[in-house]
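All letters in the sequence shown, in the order written, are residues 0 to 161 by numbering that gives the first Met the number 0.
Don't be surprised by glycine CBs; every beta carbon is placed ideally from N, CA and C.
The structure presented is a predicted model; accordingly, all values stated were derived computationally and were not measured.
Have a look at the structure below before the remarks.
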Amino acid sequence: MTILLYDLVGRDGARPFSPHCWKATMALAHKGLDISTVPTRFLEVPTVEGGVSKLVPVIRDGEKVVADSFAIALYLDEAYPERPTLFCGDGGKAMARFIERWSQLTIHPYVSTAAIMDLHAMQDEANAAYFRQNREQRFGKRLEEVEAARDAGLGAFRASLE
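Below is the structure:
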């Protein structure tokens with residue numbers, strides 16, 4: 000059976016860009032499972048599998064729908080125990096949770112500002128307008144201002160990695 004993976008893309012449906020979707024893609028590949036990706040743009044996410052999640056990745060495995068890259072990994076290990084493990088037990092799950100949380104707090108905030116205009120440029124007109132409105136609300140400033148401040152934040156980002 001082929002697992003459907005809803006993968007975030009921009010104007011070019013063959014160019015996924017979400018690191019969270021990449022995690023799900025790599026977990027599925029590690030398990031050696033057959034997948035079919037569904038290119039999904041920002042404005043399409045609310046309709047994925049009847050609106051099961053505000054975010055992707057989302058997978059459908061038969062009748063089972065799972066959202067969130069970590070939940071997907073947990074599901075895959077439980078549903079396919081005969082395939083290579085993703086965690087090697089509870090200790091591996093705890094370590095993976097730690098790394099996920101650390102990257103969310105340390106890496107993603109800077110990377111999201113560094114790549115913001117590139118991500119905006121990847122969208123078609125309607126999704127670019129959505130992306131701009133959403134991110135400007137999130138950051139409290141125009142995208143161009145977010146991008147202009149990225150160099151100032153580089154030193155602090157590097158220090159956070161030490």
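Of all alpha-carbon atoms in Ala155, Ala127, Leu153, the one lying nearest the alpha-carbon of Leu142 is that of Ala127. By the criterion of at least three beta-carbon pairs nearer than 8 Å, the region 30-42 is in contact with the region 1-20. Secondary structure at Arg59: strand, using DSSP grouped into helix, strand and coil.
Taking 4 residues as the minimum length, the alpha helix (DSSP H) runs contained wholly in the region 69-105 are 89-105, in order along the chain.
Rounded to whole angstroms, the gap between the alpha carbons of His29 and Gly154 is 35 Å.
Taken atom to atom, the span from the alpha-carbon of Met0 to that of Asp67 is near 21 Å. In the structure shown, Thr39 adopts extended strand secondary structure according to DSSP, grouped into three states.
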